[in-house]
Amino acid sequence: MAFMKILVAFILLWPFVGFLFNGLGRNYWSKKVIAYKATGYIVSSFIASIFAFIQVQTHGAVTVHYFDFIHTATLKIPFDFKVDALSSLFLLVITGVGSLIHLYSTAYMKDEAAPHYARYFAYLNLFIFSMLILVLGDNYVVMFIGWEGVGLCSYLLIGYWFTNGNYNYAAKKAFIMNRIGDLGFLLAIFWLIAKLGTVSYSEVLTYERISNLSSFDITGITLLLFVGAMGKSAQIPLFTWLPDAMAGPTPVSALIHAATMVTAGIYMITRSNILFSHSAITQNVIAIIGISTALLAATIAIQQNDIKKVLAYSTVSQLGYMFLGLGVGAYSGAVFHVITHAFFKALLFLGAGSVIHAMHHEQDIRKMGGLKSKLPITHITFLIGCIAIAGLPPFSGFFSKDEILAAAFAKSPIYWVLGVIGAAMTAFYMFRLYATTFLGKFRGTNDQANHLHESPAAMTLPLVLLAIASAIAGAIGIPELMGGHHWLSHQLMPIVGEPVELGLTHSMELILMVVSVAIALIALMIALSIYTKKTDEEPKTAIGKFFYNKWYVDEFYNEAIVFPLNRFAGFLKNVIEKQVIDGAVNGTGKLVQYSARKVRLIQNGQVGYYILFMVIGIILLFAFWFNDLNILRFINKLNQH
Amino acid sequence: MILVSLLFLPILAAILVLFIKNKKLANWTAILFSALTLLLVLQTLGTPIADFDLAWLPNLNSRFVLHADGLSKLLLLLTAISFPAILISTAKNEYKQNNVFLSLLLFTQAGLIGVFLAADALLFYFFWELALIPVYFLCSIWGGEKRVAITFKFFIYTFLGSLFMLAGILFVNAHTTDHSFAIQSFIQASLTQGQQITSFALFFIAFAIKMPIFPLHTWQPDAYEQSPTAVTMVMSAVMVKMGLYGILRWLMPLFPFAFMAHTHFVVALSVIGVLYASFIAIRQDDIKRLIAYSSIAHIGLMNAALFTHTQVAVQGVLIQLFSHGINVVGLWIVADIIEQQTGTRSMQQMGGLAKKQPTLAILLVGFALANIALPLTNSFVGEFLMFNGLFLFNPWMAALAGLSIVLAAIYTLNMVQKVAYGEISEKINTMQTPNKGAQAVLIVLLLLVFVTGVYAQPLFTLTADTLNQLFVK
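So the sequence lines, in the order shown, correspond to chains A and B. Quick note: the first sequence uses the working numbering, first residue -19, plus one each step. Quick note: the second sequence uses the working numbering, first residue 63, plus one each step.
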């Protein structure tokens, strides 16, 4: 117990110490010191996380208590942290992938001046700290602390190059959209407190407690929690911030906007699965929003030419798959996809970063091509990432996506059909991206061609490690069908319970699997055959334009929400405030002055009136005092009425 | 004795600085005395303090009684922290007749301390006015170009409110059994339901104007904008708390029936005000007016929380009374440094502070985060509890008021973006490193933001007795 208390403190505090060290010392340390310290703190946290993971494997879950955050007569919210099967897995992913991305960043950001270099790493360390609080918290309020903390870091890192106005808008947009989700999360917390008087997982997430809730309460609470998840995990309708978030440095996109933060919504729902499983309505809503987001984002990704934008919409789409999994009750499948996605999407983003680095900040894939021979390590690792995300066996994405699709089929074949269509689009846009970037002829400038180079080891080492993980991570969840025993679902059993019996025969499962792989393969081939030779022009068809312009969702939000609200605020400021309210106040003032003059003439001998006059007299006296030089003007003003 | 020395220390200082013509010496005297006051307040925190009781106006049966419970101590602490912070951070500002300016400011402090200590209604009224009158002079003599008209409005508004309260005090006094002004007699006064409602209204108008609550708020943005920033800080950090304090100390215990009868009306009005002020804040270009409207929104939320009459929300208010004061002083200091150095309050003309003066920009961002109640800042604790109480009172009200956390993010981040980010603007380019005193104050305040945001237990403990009195009968 005491050991775990120290261990958890280590895991949490190392990144925080790093934040303070680089944040406060940004003007003092050399870049070398900054890089070593920042990366070292996260690696230390990773090592401690391994110990915590082993501890959970051998001794089971542990909750540690430090002190009370809020303690009133009616409400107690402690700073409690829980290390169990779910959180210890997330610990490993966050600190593991986090370490690699810190290492990568030391080279990727090397052109920054030392104070900004330190600022970057301070933010990155603070992000890891917040993310760890999010997954380690033992109640919803501590989760919420991490939840808004990661939002802040995301804001700071998207707007890292703060002299660029567009980046600042993107950062602000991300924060505000997340805040809308956060409001839902908060209301869910208050609802829980109103009904149960507690927010601790161990007290909320039990069958006895939940059986005391009406189905209306459960549906309300879970829907509000899901609103929170929509914001953080970029689901319809709150997804438009994530593509814009690509304004941040590329390693940030890899860590925050692909591998970790955006999966917080999946973590939250998995954590609360007992609640969610009690509301069929919420589950259906989640599944429908999930698959819709997956398809919508995939259609957009097909038309994008910015290497990071393609990956961003791909992330939105993959998150949609995870929500589909959650909606159909495949909690361990969703977590499985979170883990594999963390590996291959971090890999793809870092690979994209390596390309952008080599291309001197060019992000348009139409101006790339033929990079295969120039960037061999980047190329091969990127290819592995593409295969993994396309869901081809035996790479990791295949296993996790297949698990979600099988569960979706069991719920409704329509989900499965849509899911397979989405998977085909995934394979298509990923290999469109791959072929346009790495195959064919180089289409950049001569200057760029002369300077093409593979990235330094600090960048390629993370690529290689993540590529290995992307290739083999499927091993943690090999289904029975293929002779495995699915380690992950056994691992998560204490949290999500026994895997739901899908009611599918092995041969049926096999057919589904083969069909989806075959369709993805066909899509992949088509993409390769088209884009090895040519690039996409501006779309000409109406539907192409529609996808290219992202379904005009941003434009719609601006017209339907942002502008009207802005006009409304202007109306309040200029009309209601200035003319109506202040007008009434000033009018009353004038009226009092006017009637005072009239009333003064009436001497009716009542004491009350004399007092009133005295009061007005005092007021006027004060007025004259203030107006020492303006008495004449004041009298004139009175006389005008 | 400690309570009465708390009261007379600022008065003594006020009289003393009046005779010090040397600007530096006068400043240091004022700072020294305000620091002593702070030390004295810290002395009172841990232990129960005996009342100070002296005959005052025997003919009227009014006594000079000072009483300090947790609520009083909390606001004394806020006052005692704010004044040295304000004095130090604005020490470099130029005022004509610096000594008179400081003296009036210190008189205000004495008045404020009196308000938070008085346990006799007439004495309360006396201090209430004592706190206000110096401020009228400060605004009208040292304010901006529109100061006279603005102060006139401010004066009429608040003075009218005070008169209503005086009428209420006299009315309740007439119905006490011993015809005294002691708070205990006031609580035990036998009022019919109708009489309760009448006197509730008389008191409430005074408090509502002071806070202020929509739609009685229009004096405030003007007054904040036109006053010298040191005065604005006193007004928005401490003086607006007089209204909330009045509700907690007088309104709730005196007129329980009338209070409960008006909960829905006042909560609804306050929530409308919260959203209204938040929307207007979005459209402000003047940084002082933005902070003013933001403050109206925050105070409105606190008032809504009080009128939910739930224990958890009132606990939230007791935390937030303190936190809001700290945060808003921080924001004002940053705004003042910028205005003093660049001569503008228009955010359109700012930009690039993060590049030009990174430390100041970081401090600004820190207080901005507190302003949007980010978790682990002090205001999250208070706002969380207040929203929680609002939800218990009426979930829809909580949802509606909850929109303000989104709106707050919009206007606060707008401000950060316009002031701190972007390329260095012409105005910002003229800026020098702010003086050490102001920076040190900002750092201390920001530390307070995070320390009380992570560990608010001392504030809970401090205010436990007040909460018990209000809710455990």
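Even for Gly, the Cβ is constructed at its ideal location relative to N, Cα and C.
A residue is called buried when at least 16 other Cβ atoms come within 10 angstroms of its Cβ; B/Tyr473 meets this threshold and is buried.
Between A/Met488 and the set A/Gln471, A/Ile556 and A/Ala386, the nearest pair of CA atoms involves A/Ala386. When the Cα atoms are used, B/Thr109 and B/Phe126 turn out to be separated by approximately 22 Å. For B/Arg125, the three-state secondary structure derived from DSSP is strand. A/Glu183 and A/Ile57 have their C-alpha atoms some 12 Å from each other.
When DSSP reads this structure, A/Thr43 sits in a beta bridge with A/Lys62.
Three or more Cβ pairs closer than 8 Å define a contact, and the segment 236 to 243 of chain A falls short of that threshold against the segment 91 to 101 of chain A. Between A/Asn264 and chain B, the shortest Cβ-Cβ separation is not below 8 Å. Around the beta carbon of A/Val560, fewer than 16 other beta carbons sit within 10 angstroms, so the residue counts as exposed. For A/Ala87, no chain B residue has a C-beta closer than 8 Å to its own C-beta; the minimum C-beta separation is roughly 25 Å. DSSP places B/Ala117 in the uninterrupted beta strand (DSSP E) bounded by Phe114 to Leu119. Taking 9 Å as the cut-off between beta carbons, the residues of the segment 32 to 65 of chain A near chain B are Phe47, Asp48, Phe49, Ile50, His51, Thr52, Ala53, Thr54, Leu55, Ile57 and Phe59, in sequence order. Contact of A/Gly307 with chain B is not assigned, every C-beta pair being separated by 8 Å or more.
In terms of beta-carbon proximity, A/Arg251 stays away from the interface with chain B, with every pair separated by 8 Å or more. With a minimum length of 4 residues, the unbroken runs of alpha helix (DSSP H) contained wholly in the segment 306 to 377 of chain A fall at 311 to 338 and 356 to 370. Ile169, Phe170, Trp171, Ile173 and Ala174: these are the residues of the segment 168 to 180 of chain A whose beta carbon lies less than 9 Å from some beta carbon of chain B, given in chain order.
C-alpha of B/Val481 to C-alpha of B/His360: approximately 22 Å in a straight line.
Classified as exposed, A/Glu517 has fewer than 16 neighbouring CB atoms from the shown chains inside 10 Å of its CB. Following the DSSP letters along the chain, one finds A/Phe219 in no alpha helix (DSSP H), marked with neither H nor E.
Residues of the segment 127 to 153 of chain A with a C-beta less than 9 Å from any C-beta of chain B: Trp127, Glu128, Gly129, Gly131, Leu132, Tyr135, Leu136, Gly139, Phe142, Thr143, Asn144, Gly145, Tyr147, Asn148, Tyr149, Ala151 and Lys152, listed in chain order. Against chain B, the beta carbon of A/Ile108 has no neighbour under 8 Å; the closest one sits roughly 16 Å away. Taking all protein chains shown into account, A/Ile394 has fewer than 16 neighbouring C-beta atoms within 10 Å of its C-beta and is therefore exposed. Within chain A, Ile561 have C-beta atoms less than 7 Å from the C-beta of B/Pro277, given in sequence order. At a C-beta separation below 7 Å, B/Pro437 has these neighbours in chain A: Phe124, Ile125, Glu128 and Gly129. Under the three-state reduction of DSSP, B/Phe169 is assigned to helix. Beta-bridge pairing by DSSP links A/His237 to no other residue. A direct Cα-to-Cα measurement between A/Arg251 and A/Ser272 gives close to 23 Å. Taking a beta-carbon distance threshold of 8 Å, A/Ile201 does not count as an interface residue toward chain B.
The beta-carbon of B/Phe145 is placed no less than 8 Å from the nearest beta-carbon of chain A. Residue pairing by DSSP places A/Asp286 opposite A/Asp344 in a beta bridge. Rounded to whole angstroms, the gap between the alpha carbons of B/Ile245 and B/Ala330 is 29 Å.
In the DSSP assignment, A/Ile50 forms a beta bridge with A/Ile57. Taking a beta-carbon distance threshold of 8 Å, B/Phe384 does not count as an interface residue toward chain A. A/Ala549 and B/Arg345 do touch by the CB rule: their CB atoms are close to 5 Å apart, below 8 Å. At a cut-off of 8 Å between C-beta atoms, B/Gln377 counts as an interface residue with respect to chain A.
The contact set of B/Leu454 on chain A, defined by CB atoms closer than 9 Å, consists of Phe170, Ile173 and Ala174 in chain order.
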